[in-house]
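Quick notes on the structure that follows.
Numbering (the working numbering), first residue to last: 1 to 159.
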């Protein structure tokens, strides 16, 4: 049920045009984004090892579109979000998402932790159209990025 609710939230929380600032549209009727709108927004992302553009914010919910390059691999830090679960939806590309385990050399960054990787954990191959919900407090890390990936990231408050 929670995954279904998260996917419904992802579908409703997209906006028709991506901007460099967070957009908060009227949410009583839902928000629509076409495939062409998604493609246009993705094309505007910088081709940095990790580029992210905020798409939508309503209360505690945040949606970003992210572009990650496979090289240099060291640019892809592992993360832990103490207060948010994170739902990833793969728009394009192939990578491995490692979840669980222990963060390596973690440093605190607000309510989040960043690290050089994960020791242990479960590796899940992710491709276009796949999604994964990472619980709050669980380490997660994209590895084995085949060229590059583009994904939506939806932060969901744990409480």
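Ideal placement from N, C-alpha and C gives every residue a C-beta, glycine not left out.
Bear in mind the structure is a predicted one, so any value in this text is a computation, not a measurement.
Three or more beta-carbon pairs separated by less than 8 Å link the stretch 50-63 to the stretch 141-154, which places the two stretches in contact.
Where residue 37 is concerned, the enclosing alpha helix (DSSP H) starts and stops at 35-44.
For residue 111, no beta strand (DSSP E) encloses it, and the DSSP letter there is neither H nor E. Distances from the alpha-carbon of residue 77 to those of 33, 157, 118, 148 put 118 closest. For residue 124, the enclosing beta strand (DSSP E) has its first and last residue at 122-127. Looking at the DSSP output, residue 70 sits in no beta bridge, so it has no partner there. Residue 82: not part of any beta strand (DSSP E); DSSP gives it neither H nor E. Residue 104 holds the alpha-carbon nearest to the alpha-carbon of residue 138 among 127, 125, 104, 130. Between residue 94 and residue 124, the CB-CB gap reaches or exceeds 9 Å.
By the CB criterion at 9 Å, residue 38 and residue 67 fall outside the cutoff. Around the CB of residue 64, 16 or more other CB atoms lie within 10 Å, so the residue is classed as buried. Secondary structure at residue 75: helix, using DSSP grouped into helix, strand and coil. In this model, residue 120 and residue 127 are separated by some 22 Å (Cα to Cα). DSSP, read as helix, strand or coil, puts residue 145 in coil.
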